[in-house]
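For any residue, its number in the numbering used here is found by taking its place in the sequence shown, counting from 1, and adding 5.
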Amino acid sequence: MRSHPDVSTTLARSAWAQGALYAGAAVLLAGVGWLLDPLANWLVGLEWAPMRGPAELLVSVPEPWLTIGLIAVGALAGAGLIFFDSLEQVSVTVSGERVILKRPGHVQEVVREQVGHVFREKDRLVLLGPKGEEIAREKCDLNVRRLAAVFTGYGYAWADGDPYEDEFRIWAPQTPELPDLANALLAARAQAMKSSDSGDSVKELRRELSRIGIVVRDKGKQQYWRGPGRR
Numbered sequence: 006m007r008s009h010p011d012v013s014t015t016l017a018r019s020a021w022a023q024g025a026l027y028a029g030a031a032v033l034l035a036g037v038g039w040l041l042d043p044l045a046n047w048l049v050g051l052e053w054a055p056m057r058g059p060a061e062l063l064v065s066v067p068e069p070w071l072t073i074g075l076i077a078v079g080a081l082a083g084a085g086l087i088f089f090d091s092l093e094q095v096s097v098t099v100s101g102e103r104v105i106l107k108r109p110g111h112v113q114e115v116v117r118e119q120v121g122h123v124f125r126e127k128d129r130l131v132l133l134g135p136k137g138e139e140i141a142r143e144k145c146d147l148n149v150r151r152l153a154a155v156f157t158g159y160g161y162a163w164a165d166g167d168p169y170e171d172e173f174r175i176w177a178p179q180t181p182e183l184p185d186l187a188n189a190l191l192a193a194r195a196q197a198m199k200s201s202d203s204g205d206s207v208k209e210l211r212r213e214l215s216r217i218g219i220v221v222r223d224k225g226k227q228q229y230w231r232g233p234g235r236r
């Protein structure tokens, strides 16, 4: 495949898989909605229970409209979750010349010479540069074996995990090995991680750290860092 620059392979979530996810999530949350009816009736029957006010409001709706409404809301919620998840998933186009990562509103093109290693970390596809710097990290639930086969087929170095795993160190405020800017960014990111609605800030601070050669990994609420790889 590497011999012809015009040849490329694109991997993306198929329409069948997307439809199956919509259906599965809708059915699952519709079932949760259906279970809310007996749960609300049980809570109302107790002398004291948390959420009794909302439970009484629910059971005041006549049947069958209560059950139908709860199932419909659950189904819509399930479909909505999959829809928003799909907006973050990337399609991956690989050739001997470049890698293109695409999702709604975002396209990143990385030329072959900029790619050192490629691997999947949980639900993220990660591209590292020749010195171990992180150049891409995107949400990707595509089959790992298929990803590995395509990347290696075009001559990229696929790894089962971060090849610089042993170089990560726990971050503490004012870590002496780090420049002041890196410590400031990590401190801001640690603060942002405490908020439930700061996902974009956390991602942007990761990108800023990557620009100065610092790779970040999270374990719970704790940050681990490493500089560019030395291998």
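For each residue, glycine too, the CB sits at the ideal point set by N, CA and C. Predicted model, so just to flag it, every value in this text is computed and none were measured.
- Annotation: Pro168 to Pro67 spans about 60 Å, alpha carbon to alpha carbon.
- Residue range 111-116 is occupied by the beta strand (DSSP E) that includes Gln113.
- The alpha-carbon of Glu114 is positioned some 15 Å away from that of Phe156.
- DSSP lists Val131 as the beta-bridge partner residues of Phe124.
- The alpha-carbon separation between Leu130 and Lys199 amounts to approximately 25 Å.
- Closest in C-alpha terms to Gln94, from the list Gly110, Ala84, Gly79, Ala189, comes Gly110.
- With contact defined as three or more Cβ pairs closer than 8 Å, the stretch 143-161 and the stretch 202-221 are not in contact.
- Taking 8 Å as the upper bound for CB-CB distance, Val99 and Thr14 are in contact here, some 5 Å apart.
- In this structure, Ile219 sits near Ala187, with a CB-CB distance shorter than 9 Å.
- Ranking Asp171, Ser96, Gly134 by CA distance to the CA of Glu143 puts Ser96 first.
- The Cβ neighbour count for Phe124, taken over all protein chains shown within 10 Å, is at least 16; the residue is labelled buried.
- Under the three-state reduction of DSSP output, Gln196 falls in the helix class.
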